[in-house]
Amino acid sequence: MQEVKSPMLKVCCICSSPSSASPHFGAISCLACAAFFRRTVSLSIEFQCSETNCCKVYYEQRIICKACRYHRCIIAGMKPECVQKRKNIKKSSKEENDSSPRSISPREIHMLTHFQPMTKDVVPSYDNYKPIIAPIQMDIFENLRSMDVLEHFVEEERRSMERRRIMFSSSPLEALLGCNSPFTVSDLIPFTVKSHNTHMRFDHLLSFEYTKNLPGFHHLSIEDRICIFKYVIMGFCALDIAYLTSQMNMVEQGYLVFTNATYSSALNFDVGWEDETEISAEEKVKLIWPMNQKFYEQLLKPMSKINLDQVEYSALKALTLWRTCYFELSSSAKLFAKELEYGIIKGLHNYYQNREDGPERMGDVILFISNIFDVYLTIVENYKKLELFNLIKIDIFVKELLQL
1 MQEVKSPMLK VCCICSSPSS ASPHFGAISC LACAAFFRRT VSLSIEFQCS ETNCCKVYYE
61 QRIICKACRY HRCIIAGMKP ECVQKRKNIK KSSKEENDSS PRSISPREIH MLTHFQPMTK
121 DVVPSYDNYK PIIAPIQMDI FENLRSMDVL EHFVEEERRS MERRRIMFSS SPLEALLGCN
181 SPFTVSDLIP FTVKSHNTHM RFDHLLSFEY TKNLPGFHHL SIEDRICIFK YVIMGFCALD
241 IAYLTSQMNM VEQGYLVFTN ATYSSALNFD VGWEDETEIS AEEKVKLIWP MNQKFYEQLL
301 KPMSKINLDQ VEYSALKALT LWRTCYFELS SSAKLFAKEL EYGIIKGLHN YYQNREDGPE
361 RMGDVILFIS NIFDVYLTIV ENYKKLELFN LIKIDIFVKE LLQL
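The numbering used here applies: residue 1 is where the sequence shown begins, and numbers increase by one.
Right, here's the structure in full:
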């Protein structure tokens, strides 16, 4: 039976989304725009438009200009003074702000994250999957729905941290004690291009393990497997750098901590920018500094502000994978991605169930995903530039995946 839409259906005044639009901070908006406005105001974030401050803000866009989105929030009537200041969780009042979402159901959370265009090969409801795609049968979906998807990704992240600890820590036996961080500040040494080249294959090995352990991965086509592996390799390294730096409280000090226990300064050229045998300091600054700056501004600083724990980071990492590779997947793999995405968000919803700041934390995790899109393009462009000048050895994995 076809659902009859109410003539009083409210639409978000900011992005025109018809999903869950209701009063927030003085304007009618969807949950996504409300969470975006709250986070922007509470963290005092300032955005700059790269165009002419008149970008289109529409809920089906893959990437929305944050500066123009915030401007639309103000024009629509959202009031910054209505946003409560961030409080210590232990001291926060049990009373909720009337303008904030009281709770988020799994279906609402799906709508919050659903910012890609709907096409014929995308199923809009998780309750109505039909076995029409040959490569992925319904029994596979049933297996995915019966498992704790988020717990799988948390365990994968824990294993990766253990392997890094054994590889780079001065106390590798701490891996047996369940320590969350792979290394400490005392383990860090200045970044060098040589060390980066030496340990790059280890990162790729971790990416390969993560990819092949994805639930149902072996049921996908070769093309889809390669596509997913490419985005794991290209995106996860940047996210791991942001997470490690944030966890070690090095962002405020102006450093980037890399996955091989090296570090470099992001605010000056004091650490990690020295001359090397194969590359001069000037060449390092020219080729690497711009990418590091983008990492620092778009990933490290925002991640440090929201202070993700390991469960939240595991969810963010997995959700980012499916968002970045989605448009290059086949129709059947898109169904697979949607099923895993739903399982992850359902797990997050359960994780936040007894937390007063659950809706806000959920919004922080989801909104952070958009940060990686622009960074990913920078990574690809930078690898191509490095290959062109032949100053840094590009791993064969990267060459083949990017067809350099």
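We put the beta carbon where it would ideally sit given N, CA and C, even for glycine.
Contacts around residue i, its chain only, beta-carbon distance under 7 Å, and the 5 residues preceding and following it disregarded
| i | result |
| --- | --- |
| K79 | F25 and G26 |
| R163 | L206 |
| Y352 | G358, R361 and M362 |
| N88 | Reliability of the predicted coordinates at N88 is poor, the pLDDT of 47 falling under 50, and the value obtained from them is presented with this limitation in mind. So the list is empty, once near-sequence residues are dropped. |
| F236 | S207 and K317 |
| D275 | A281 |
Close beta carbons around residue i, own chain, < 6 Å, minus the five adjacent residues each side
| i | result |
| --- | --- |
| A76 | C13, I14 and A27 |
| I43 | Strictly speaking, residue 43 in this sequence is Leu, with Ile absent from that position. So the list reads K305, once near-sequence residues are dropped. |
| A21 | K10, V11, C12, I28 and C30 |
| S99 | Residue placement at S99 is flagged as unreliable, the pLDDT there being 34, under the threshold of 50; a coordinate-derived value is accordingly withheld. |
| M161 | P182 |
| S169 | F183 and D187 |
Spatially closest choice to residue i from the options, by CA coordinates
| i | options | result |
| --- | --- | --- |
| F295 | G343, A242, F217 and R361 | A242 |
| K286 | V257, Q298 and W273 | W273 |
| T198 | M167, F217, K212 and H219 | M167 |
| E360 | G216, T40 and V11 | T40 |
| K301 | N249, C73, H218 and K10 | N249 |
| D240 | G216, D364, F47 and D203 | D203 |
| E60 | I74, I45, N382 and A32 | A32 |
| S370 | N354, S42, T320 and K334 | T320 |
| T259 | D148, E356, P182 and Q84 | P182 |
| N213 | N382, V149 and Y383 | V149 |
| I45 | E339, E297 and H349 | E297 |
| H152 | E381, L329, Y383 and E312 | E312 |
| V405 | P190, D270 and C82 | Nothing can be reported for residue 405: it is not among the residues displayed for the chain, which extend from 1 to 404. |
| E381 | L220, P290 and K338 | P290 |
| E339 | W322, H349 and M161 | W322 |
Separation of residue j from residue i, as counted between CA atoms
| i | j | result |
| --- | --- | --- |
| L367 | S195 | 33 Å |
| I279 | N292 | 17 Å |
| N307 | Q247 | 8 Å |
| P18 | A35 | 16 Å |
| V304 | T192 | Reading off the sequence, residue 304 comes out as Ser, not Val. Each residue's Cα considered, the two are about 24 Å apart. |
| Y58 | R72 | 11 Å |
| C325 | G343 | 18 Å |
| E341 | Q48 | 31 Å |
| F336 | A318 | 13 Å |
| P23 | S29 | 6 Å |
| A281 | I288 | 10 Å |
| N354 | G347 | 13 Å |
| V185 | K10 | 51 Å |
| I222 | V271 | 42 Å |
| K171 | R165 | Residue 171 is actually Ser in this sequence, not Lys. Those two C-alpha atoms are separated by around 8 Å. |
| K284 | E328 | 33 Å |
| M200 | S16 | 44 Å |
| S264 | Y383 | 19 Å |
| Q84 | I74 | 16 Å |
| P124 | P215 | Summary for P124: the model assigns pLDDT 36, below 50, so the residue's position carries little reliability; its value from the coordinates is reported in the next sentence. Roughly 22 Å between the two C-alpha positions. |
Cβ-Cβ separation, residue j to residue i (assumed contact under 8 Å), whole Å
| i | j | result |
| --- | --- | --- |
| A266 | D187 | That belief does not hold up - the Cβ atoms of A266 and D187 are roughly 19 Å apart, past 8 Å. |
| G363 | R38 | 7 Å |
| V251 | L316 | At roughly 16 Å, the Cβ-Cβ gap does not stay under 8 Å, so V251 and L316 are not in contact. |
| A333 | L220 | 5 Å |
Nonlocal neighbours in the same chain, by C-beta distance under 8 Å from residue i, ignoring five residues either side
| i | result |
| --- | --- |
| A238 | F295, L299, I372, V375, Y376 and I379 |
| T277 | K194 |
| N268 | G254 |
| F217 | T211, R225 and I228 |
| R159 | E209 |
| S314 | L150, F153, V154, E156 and E157 |
Taking 8 Å as the threshold, find out whether the region 65-81 comes into contact with the region 47-55 through three or more Cβ pairs. yes
Decide yes or no for the touch test of the region 194-213 against the region 229-241: beta carbon pairs closer than 8 Å, at least 3 of them. yes
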